[in-house]
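Colleague: The listed protein sequences derive, respectively, from chains L and D.
Counting with the numbering used here, you get residues 274 to 467 for the letters of the first sequence.
Counting with the numbering used here, you get residues 4 to 516 for the letters of the second sequence.
Beta carbons are placed, not taken as given, at the ideal position from N, Cα and C, and that holds for glycine.
Please read all numbers here as calculations on a predicted model, not as lab measurements.
Supplied in structure tokens, the structure appears directly below.
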Amino acid sequence: MQCPIYVYPGYLLAWGLPRRGGLEPGTAAVGLAVGCPHPTYLILLSPQMAQRLALRQLLSLAPRTLPPQAPVARHSRAFSTSANCKSTFNVQDGSDFQDRVVNNPKPVVVDFHAQWCGPCKILGPRLEKMVAKQEGKVLMAKVDIDDHTDLAIEYEVSAVPTVLAMKNGDVVDKFVGIKDEDQLEAFLKKLIGA
Amino acid sequence: MATLWRRRERFLGVLGRLCRTVRALSGKNEYDLLVIGGGSGGLACAKEAAQFGRKVAVLDYVEPSPKGTKWGLGGTCVNVGCIPKKLMHQAALLGSALKDAQHYGWNIAQPVHHTWSVMAQAVQNHVKSLNWGHRVQLQDKKVKYFNMKGSFSDPHTIRGLTKAGKETIVTAENIVIATGGRPKYPMHIAGALEYGITSDDLFWLKESPGKTLVVGASYVSLECAGFLTGIGLDTTVMMRSIPLRGFDQQMASLVTEHMECYGTKFLKRCFPTKVEKLEGNRLQVTWKNTDLGTEETDCFDTVMWAVGRAPDVKTLNLDAVGVKTSSETGKIIVDASEATSVPHIYAIGDITEGRPELTPTAIAAGKLLARRLFGQSSELMDYDNVPTTVFTPLEYGCVGLSEEAAVQCYGSDNVEVYHAYYKPLEFTVAERDATQCYIKMVCLREREQRILGLHFIGPNAGEVIQGFALGIKCGATYPQLMKTVGIHPTCAEEITKLHITKRSGLDATVTGC
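Below is the structure:
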């Protein structure tokens, strides 16, 4: 899990969060920071707060807590307002796959990926985001093919990323390679609807 | 749920063992072919055999190096040999290209800097994708794969041991040993094992090796030292005697000469006596200079041993079945059909005595063996005129006999050597030194003037020599070569224009058009 990223309001603007409309300096929010592939938690700072913090870090002092009115996020689990962390999980082993994917009453998309695979690093977060948008109607299981080679071989994965759509233990759909958000949306909607 | 799963697995295990016992009792082996070793030779042999509809299995296991480095399926070439070596060599060449680029009009801030971790990550990622690719190929070709260390129980039975210590017995009609080799550590040098690394570790380092001493005069040593110099590291090669033993010695000295001009330091006729660790993780190496009779020391961040490779036979338990190995090298003795001293047991690749330690020869030998065993073929592997290339900063490619070997075989009166010093066109604008760019062709002097050997130092030597290897395989002669029109402007065309003999004593420097 990454450390909280302190950003100027200006940075958040670049990613589409409105300056007006209720975001006070010191508020915690979920968004995408510059250079960060995963949704992460951020603290919106006023320029003065940001300067103070930067100066502290420069002098290698432990960053003090922000003024009382600002909630501070801790360096632990992802603080998220969306259902992101619940709808996506990493498969631990064969039995875990049986339990949480094959025997899951809900449809599950299985993302077979690898550490060494460049396109996987693009597809993964994109798919996670689209799954989260479906508000719990579909779940996402991530399988690292080097950690779970037997599982990948069993499901005839050859190239990565390979994404399987599973319903009631059966593979009902699949694709290989990167897809854009619209294509992913259609893929997921088909799985939920079918 | 998990308990049910475990019970199911245990039941299947018992059932499997029962089936194997029944088969063994009935005299039928479980597999038609079992290959021990999932490297270049092993995988090629297994996949070829499976094409004939045979039941094939591969055992592959990587014992971690003393430093703890380990890797996946594919063998030495894929993981700690040819592939990462060539990629890092390319990284170094790109560094030189960036320096040349200025002369060609590019605005590149000098000096250029290299980040080891970026290169290493990219290379390691590619290697891991190849590991996976091999795994998928085995699955596609219906070859059973076991990640186990194999040892012989009897001529048709292998005991496989997983990392966790779980044992599996596998029986096969035919067994092919293709376990390859591992780098040697000079155990007589104090501190060698504890503080030194080998090529097994170099390609998997996450951090830059820094100031490096490479001990050895083999192509492993020179190639590694070459790319380390190329990416900007302070690199020294320590050699006890001659460089590239077994290769044409005139070419070998041109290679090392170029490396010296390129920036690699050489400690010639020196051998290390001890390695000690200093504060801050630096290593102090002490060595003897045999020419001066002195003892010297220096500090390095990394010491890499490239002093030879030992065959991986220790854990195979070959004594149990009587497979004969060479008393000198420890490698498995095979005949022209890759058969060992025990019927139905064969060996291919680096593990075999008297064969080149090359991926393409292992692959070819493996495929031909499978065809002879299961495909009614009788074709034997031809180990003559095997081309190869040393990927030092200035590459050296060759095919056929060295000048020394030709003279020894036919006598100097019966051998004609054509040679030329040339300058690659690309070096001119870049103002690069081409002193060591040299070509030599060894021919028979008698009527036909058959070409016995071709040696080329220059950029892309491997690409150049590959085509000529076909000609030499077909018995090309000097007159035929002279009739071959060159492609212009290339370095390779200089081969078709060779006309100055060593015997004439004339200056062999040729100019372009």
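Can you pull out the residues from the stretch 408-421 of chain L whose beta carbon lies closer than 8 Å to at least one beta carbon of chain D?
Modeller: Those would be Ile418 and Asp419, in chain order.
Colleague: Here's the rule I'm using: 16 or more other beta-carbon atoms within 10 Å means buried, otherwise exposed. How should D:Arg450 be labelled?
Modeller: Position 447 of the second sequence, counted from the first residue, corresponds to residue 450 of chain D. D:Arg450 should be labelled exposed.
Colleague: Give me the Cα-Cα distance between D:Cys494 and D:Tyr107, rounded to the nearest whole angstrom.
Modeller: Translated into positions along the second sequence, residue 494 of chain D becomes position 491. Translated into positions along the second sequence, residue 107 of chain D becomes position 104. Approximately 19 Å, taken between the alpha carbons.
Colleague: At a CB-CB cut-off below 9 Å, which residues of chain L make contact with D:Gln142?
Modeller: Working through the second sequence from its first residue, we reach residue 142 of chain D at position 139. The contacting residues are Ile426, Glu429 and Ser431.
Colleague: If you draw a straight line from the alpha carbon of D:Arg375 to that of D:Ala100, how long is it in whole angstroms?
Modeller: Along the second sequence, one-based indexing puts residue 375 of chain D at 372. Along the second sequence, one-based indexing puts residue 100 of chain D at 97. Distance between the alpha carbons of D:Arg375 and D:Ala100: 47 Å.
Colleague: So what does DSSP say about D:Leu236, is it helix, strand or coil?
Modeller: Locating residue 236 of chain D in the second sequence gives position 233, where the first residue counts as 1. In this structure, D:Leu236 counts as coil in the three-state DSSP scheme.
Colleague: Please report the Cβ distance between L:Phe362 and L:Pro434, rounded to the nearest whole angstrom; I am assuming they are in contact, meaning their Cβ atoms lie under 8 Å.
Modeller: Counting from 1 along the first sequence, the entry for residue 362 of chain L is found at position 89. Counting from 1 along the first sequence, the entry for residue 434 of chain L is found at position 161. Not quite, the Cβ-Cβ distance comes to about 17 Å (not below 8 Å), so this is no contact.
Colleague: Against D:Val139, what residues of chain L qualify as contacts under a CB-to-CB distance less than 7 Å, listed in chain order?
Modeller: Within the second sequence, the letter at position 136 stands for residue 139 of chain D. Within 7 Å Cβ-Cβ: Ser431.
Colleague: So with CB distances below 8 Å, who are the chain L contacts of D:Lys131?
Modeller: Here residue 131 of chain D refers to the residue found at position 128 when the second sequence is read from its first residue. Within chain L, the residues near D:Lys131 are Ala387, Gln388, Trp389 and Asp419.
Colleague: To the nearest angstrom, how far is it from the Cα of D:Val326 to the Cα of D:Tyr34?
Modeller: Residue mapping note: residue 326 of chain D aligns to position 323 of the second sequence, counting from 1. Residue mapping note: residue 34 of chain D aligns to position 31 of the second sequence, counting from 1. Taking the straight line joining both Cα atoms gives about 20 Å.
Colleague: For the 8 Å Cβ check, are there 3 or more pairs between the stretch 374-389 of chain D and the stretch 207-219 of chain D?
Modeller: Taking 8 Å as the limit for Cβ pairs, the verdict is that the stretch 207-219 of chain D does not touch the stretch 374-389 of chain D.
Colleague: How would you label D:Gln127, buried or exposed, when you count the other beta carbons within 10 angstroms and need 16 or more for buried?
Modeller: Residue mapping note: residue 127 of chain D aligns to position 124 of the second sequence, counting from 1. Classification for D:Gln127: buried.
Colleague: Mind pulling the chain L residues with CB within less than 9 Å of D:Trp74?
Modeller: If you number the second sequence from 1, residue 74 of chain D lands on position 71. Within chain L, no residue comes near D:Trp74; the closest Cβ sits about 11 Å away, beyond 9 Å.
Colleague: Run the CB neighbour count on D:Gly163, radius 10 Å, all protein chains shown included, and call it buried at 16 or more, exposed below.
Modeller: Numbered from 1 along the second sequence, position 160 holds the residue referred to as residue 163 of chain D. By the 10 Å Cβ count, D:Gly163 comes out buried.
Colleague: Would you mind reading off the limits of the beta strand (DSSP E) that contains D:Ser330?
Modeller: Here residue 330 of chain D corresponds to residue number 327 of the second sequence, with the count starting at 1. Note, D:Ser330: premise wrong, no beta strand (DSSP E); not H, not E.
Colleague: Give a yes or no on whether the C-beta atoms belonging to D:Glu419 and D:Cys446 are separated by under 9 Å.
Modeller: Numbered from its first residue, the second sequence carries residue 419 of chain D at position 416. Numbered from its first residue, the second sequence carries residue 446 of chain D at position 443. Yes.
Colleague: Compare the beta carbon distance of D:Pro189 and D:Val316 with 9 Å and say whether it is the shorter of the two.
Modeller: Along the second sequence, read from residue 1 onward, the residue named residue 189 of chain D stands at position 186. Along the second sequence, read from residue 1 onward, the residue named residue 316 of chain D stands at position 313. Their beta carbons are not under 9 Å apart, which means D:Pro189 does not touch D:Val316 by this criterion.
Colleague: Here's the rule I'm using: 16 or more other beta-carbon atoms within 10 Å means buried, otherwise exposed. How should L:Pro340 be labelled?
Modeller: Counted from its first residue, the first sequence places residue 340 of chain L at position 67. Here L:Pro340 scores only 46 on pLDDT, less than 50, and its place in the model is too uncertain to base an answer on.
Colleague: For the candidate residues D:Ala167, D:Lys152, D:Gly168 and D:Lys169, whose alpha-carbon lies nearest to that of D:Ile161?
Modeller: The count along the second sequence starts at 1 and reaches residue 161 of chain D at position 158. Ranking the options by Cα distance to D:Ile161, first place goes to D:Lys152.
Colleague: Can you have a look at D:Val92 and say buried or exposed, based on whether 16 or more other CB atoms are within 10 angstroms of its CB?
Modeller: Position 89 of the second sequence, counting from 1, holds the residue named residue 92 of chain D. Here residue 92 of chain D is His; the residue named in the question, Val, does not match the sequence. Flag for D:His92 reads buried.
Colleague: Any idea what DSSP makes of D:Gln287, helix, strand or coil?
Modeller: Along the second sequence, read from residue 1 onward, the residue named residue 287 of chain D stands at position 284. Residue state, collapsed to three classes: strand.
Colleague: How do the stretch 332-344 of chain D and the stretch 244-251 of chain D stand: do at least 3 beta-carbon pairs fall below 8 Å, yes or no?
Modeller: No: the two stretches stay apart, fewer than three of their Cβ pairs being nearer than 8 Å.
Colleague: Find out if the Cβ-Cβ distance for the pair D:Gln142, L:Ile418 is shorter than 9 Å.
Modeller: One-based indexing of the second sequence puts residue 142 of chain D at position 139. One-based indexing of the first sequence puts residue 418 of chain L at position 145. For D:Gln142 and L:Ile418, no; Cβs fall outside 9 Å.
Colleague: Can you list, in chain order, the residues of its chain with a C-beta nearer than 6 Å to that of L:Ala438? Leave out the 5 residues immediately preceding and following it.
Modeller: Residue numbering aside, residue 438 of chain L sits at position 165 when the first sequence is read from its first letter. Once the five neighbours on either side are set aside, the close Cβ partners of L:Ala438 are Val382, Val445, Asp446 and Leu464.
Colleague: I believe D:Ser154 touches D:Gly352 by the beta-carbon criterion, under 8 Å. Please report the beta-carbon distance rounded to the nearest angstrom.
Modeller: One-based indexing of the second sequence puts residue 154 of chain D at position 151. One-based indexing of the second sequence puts residue 352 of chain D at position 349. Their Cβ separation, rounded to whole angstroms, is 18 Å, which puts D:Ser154 and D:Gly352 out of contact at 8 Å.
Colleague: Within 9 Å (strictly less), CB to CB, does D:Asn134 reach chain L?
Modeller: Stepping through the second sequence from its first residue, residue 134 of chain D is reached at position 131. So yes, D:Asn134 belongs to the interface.
Colleague: Please state whether the Cβ-Cβ distance between D:Arg453 and D:Gly489 is less than 9 Å.
Modeller: Taking the first residue of the second sequence as 1, we reach residue 453 of chain D at position 450. Taking the first residue of the second sequence as 1, we reach residue 489 of chain D at position 486. No, the pair does not count as a contact, with Cβ atoms beyond the cut-off.
Colleague: So, does the CB of D:Gln93 fall closer than 9 Å to a CB anywhere in chain L?
Modeller: Stepping through the second sequence from its first residue, residue 93 of chain D is reached at position 90. Taking Cβ atoms only, chain L never reaches closer than 9 Å to D:Gln93, which makes this a no.
Colleague: Does D:Glu406 pass the burial test, meaning 16 or more other C-beta atoms within 10 Å, or should it be called exposed?
Modeller: Walking along the second sequence from the start, residue 406 of chain D turns up at place 403. That one is buried.
Colleague: Where does D:Pro314 land, buried or exposed, given buried means 16+ other C-beta within 10 angstroms?
Modeller: Here residue 314 of chain D corresponds to residue number 311 of the second sequence, with the count starting at 1. Classification for D:Pro314: buried.
Colleague: Out of D:Cys412, D:Leu397, D:Lys443 and D:Ala409, point me to the one whose CA is closest to D:Pro427's CA.
Modeller: On the second sequence, position 424 is the one that residue 427 of chain D refers to. Among D:Cys412, D:Leu397, D:Lys443 and D:Ala409, the Cα nearest to that of D:Pro427 is on D:Leu397.
Colleague: Under DSSP, the alpha helix (DSSP H) around D:Thr119 begins and ends at which residues?
Modeller: Reading the second sequence from its first residue, position 116 is the one you call residue 119 of chain D. Before going on, a small fix: residue 119 of chain D reads as Trp here, not Thr. Taken as a continuous stretch (DSSP letters only), the alpha helix (DSSP H) holding D:Trp119 covers Trp119 to Asp143.
Colleague: Quick one: residues in its chain with C-beta nearer than 7 Å to the C-beta of D:Pro158, no 5 flanking neighbours on either side, listed in chain order?
Modeller: As a working mapping, residue 158 of chain D is identified with position 155 in the second sequence. Closer than 7 Å at Cβ, skipping near neighbours: Val324, Val345, His347 and Ile348.
Colleague: Per DSSP, what are the beta-bridge partners of D:Ser154 in this structure?
Modeller: Here residue 154 of chain D refers to the residue found at position 151 of the second sequence. DSSP, once it has assigned bridges, lists D:Arg162 as partnering D:Ser154.
Colleague: When the Cα atoms are used, what is the spatial distance from D:Ala408 to D:Pro186?
Modeller: Indexing the second sequence from 1 puts residue 408 of chain D at position 405. Indexing the second sequence from 1 puts residue 186 of chain D at position 183. Approximately 27 Å, taken between the alpha carbons.
Colleague: What are the start and end residues of the alpha helix (DSSP H) that includes D:Leu371?
Modeller: Locating residue 371 of chain D in the second sequence gives position 368, where the first residue counts as 1. Per DSSP, D:Leu371 belongs to the alpha helix (DSSP H) from Thr362 to Phe377.
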